[in-house]
Amino acid sequence: MKINAHQFEHRGRKYELSLDLDDAAMADGRYQISAKAESWHVDTPTIRHSVTAEVAIFQDDDETPTIEVIIAGTAPGMEGKRLVLRKPLADLIDAEQVIDAIPAWVFGGDPILGCLVRSGLSAIVGQTIQCKKDTADSHWYWPRMQALGRCMLLHVPEMTGTAGLRAAKCVYRFGF
8 MKINAHQFEH RGRKYELSLD LDDAAMADGR YQISAKAESW HVDTPTIRHS
58 VTAEVAIFQD DDETPTIEVI IAGTAPGMEG KRLVLRKPLA DLIDAEQVID
108 AIPAWVFGGD PILGCLVRSG LSAIVGQTIQ CKKDTADSHW YWPRMQALGR
158 CMLLHVPEMT GTAGLRAAKC VYRFGF
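Residues 8 to 183, numbered by the working numbering, are exactly what the sequence shown covers, in order.
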């Protein structure tokens, strides 16, 4: 399910932030959500630049629930996918840990795209942490992952609103 969180036009370019999640997979305990920022010239909407932050939770080789963030993109300065963060989910305390781990090259090409993808990623990770806390009574791994997925699906409207608001604030700081 793709949800547009924020869209605007600036100097002949359109920008869009969307969140994408597979609701059936989330309810089944397979956790993967992405925040995608795209831009395109209004005259050539088929030629798009994008930056995507994929967030996944899985059980690593030691059977430890692990969060992973991968950045990918077609925007200038992006060369394929890069692992940004992989750590035990239990070590994740706040969204800033993830945002601070994102290397500067992600935001080098178009600062507006960088602003948008950071906003979406921050909303996803922030809600993940809240749902992790809310599901603390469930046992790891599958029962809790299913509860975590249901919690995330329940909070899609708030997460989308948070991403859109953060994107608007971030872009506003640039004076656009």
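C-beta atoms are modelled at their ideal positions from N, C-alpha and C, and glycine is treated no differently. Since the model is a prediction, treat every value here as computed from it, not as a measurement.
Starting from residue i, trace the alpha helix (DSSP H) both ways and give me its first and last residue.
i: W149; result: W149 to L161
i: V105; result: A102 to A108
Would residue i be called buried (16 or more neighbouring beta carbons within 10 Å of its own) or exposed?
i: G80; result: buried
i: K43; result: buried
i: M152; result: buried
i: P72; result: buried
i: A130; result: buried
i: T142; result: buried
i: T169; result: buried
i: E70; result: exposed
i: A108; result: exposed
i: K140; result: exposed
i: L120; result: buried
i: E23; result: buried
i: E45; result: buried
i: R180; result: exposed
i: D50; result: exposed
I think residue i touches residue j, with their Cβ atoms under 8 angstroms apart; what is that distance to the nearest whole Å?
i: G19; j: H48; result: 6 angstroms
i: T167; j: A12; result: 5 angstroms
i: R8; j: G156; result: One point to set straight first is that residue 8 is Met, not Arg, in the sequence displayed. About 13 angstroms separates the two Cβ atoms, so there is no contact after all.
i: C158; j: S126; result: Incorrect: roughly 21 angstroms between the Cβ atoms, too far for contact.
i: A102; j: V62; result: Actually they are not in contact, since the Cβ atoms of A102 and V62 sit about 11 angstroms apart, beyond 8 angstroms.
i: L160; j: D27; result: Between D27 and L160 the Cβ distance is about 13 angstroms, and since that is not below 8 angstroms, they are no contact.
i: L96; j: I77; result: Wrong, their Cβ atoms sit about 16 angstroms apart, outside the cutoff.
i: I40; j: S25; result: Rounded, the Cβ-Cβ distance is 11 angstroms, inconsistent with contact.
For the ligand ATP, is there any heavy atom lying closer than 6 angstroms to the beta carbon of residue i?
i: D35; result: In the structure on display, the ligand ATP does not appear, and there are no ligands present to speak of.
For residue i, which three-state DSSP category applies?
i: G121; result: helix
i: T73; result: strand
i: T59; result: strand
i: V91; result: strand
i: T135; result: helix
i: P83; result: coil
i: T207; result: As shown, the chain starts at 8 and ends at 183. That puts residue 207 outside it, with no answer to give.
Which two residues bound the contiguous beta strand (DSSP E) that contains residue i?
i: D27; result: R20 to L28
i: S46; result: Y38 to H48
i: H17; result: K9 to H17
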